[in-house]
Amino acid sequence: MDTEKKALRQSIRQQRRTLMPTEADAIAASRTLVEKLEAHPRFREAESVALYWSLPDEPHTHELLERVFRQKRVYLPIVRGDDMHLCRFCGRSEMRLGDFNILEPNGEQLEDVRSLPLIVVPGVAFDDDLYRLGRGRGYYDRFLSRTDAFRLGICFPFQRVTSVPRDAWDLPMNDIIS
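Numbering (this note's numbering), first residue to last: 480 to 657.
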């Protein structure tokens, strides 16, 4: 199983390099995804939402975050040890460098994760059954098992595949934007 996951991750990385060789390409390709996200009924209705601070190979969220945190309570993941938590996003100026050199919010931590109505989840690949292949450390898998939030995957079209290798603990998304 690990070999299959590794091969799929490598294939998706190669496609990304070919289809979107620069960050500017990824930002341009992300505009349609962000529009679809903002139009999604669950996103429009949610007063609180968990998003993510995008890495260079993920759908770009920086402008979206700066725009919506004034309208909704926005939470972003932080990693502490083997666990992912959510902290309030209060603007880019309030971010700090966290584990893995990823910017993290410095706001208050969301204690009751079951109260969160929506979590937007990035991934390396998503399949036809709405399952997700992540980066391999299990942070989202462990977190998603602790919340009842609507799980909305987001990815570039080339990240949609017929099937991803999955383990017993993997949870499907409720919907995917691509």
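We put the beta carbon where it would ideally sit given N, CA and C, even for glycine.
Considering only DSSP beta bridges, list what residue i is partnered with.
i, result
"glutamate 502", "The partner list for glutamate 502 (beta bridge, DSSP) is empty, contrary to what the question assumes."
"glutamine 588", "Cys566"
"isoleucine 656", "Ile633"
"serine 527", "Arg552"
"phenylalanine 605", "Arg611 and Arg639"
"arginine 575", "Glu583"
"isoleucine 557", "His564"
"leucine 597", "Phe629"
What do you reckon, is the C-beta of residue i under 7 Å from a heavy atom of the ligand SAH?
i, result
"glycine 615", "In terms of ligand content, the structure shown is empty, and the ligand SAH therefore cannot be addressed."
The alpha helix (DSSP H) that contains residue i, what's its start and end?
i, result
"arginine 621", "618 to 623"
"glutamate 542", "541 to 547"
With a CB to CB cut of under 6 Å and the five nearest residues on each side skipped, what residues in its chain are close to residue i?
i, result
"arginine 495", "Asp536"
"tryptophan 532", "Leu555 and Leu582"
"leucine 543", "Val513"
Enumerate in chain order the residues of its own chain whose CB-to-CB distance from residue i is below 8 Å, with the five nearest sequence positions on each side excluded.
i, result
"arginine 552", "Glu526, Ser527, Val528 and Arg567"
"leucine 597", "Arg521, Phe522, Ala525, Ser527, Val528, Ala529, Ala628, Phe629 and Leu631"
"glycine 570", "Glu545 and Phe548"
Once you ignore the five residues that flank residue i on each side, which residues in its own chain have a CB closer than 7 Å to its CB?
i, result
"glycine 577", "Ile557, Val558 and Glu583"
"arginine 645", "Tyr610"
"glutamate 587", "Cys566 and Arg567"
"leucine 498", "Phe637"
Exercise for review: Answer yes if the stretch 597 to 604 comes into contact with the stretch 633 to 643, meaning at least three C-beta pairs across the two stretches below 8 Å, and no otherwise.
Suggested key: yes
Review point. How about the stretch 507 to 519 and the stretch 534 to 547: do they share at least three Cβ pairs that are nearer than 8 Å?
Key: Short answer: they touch.
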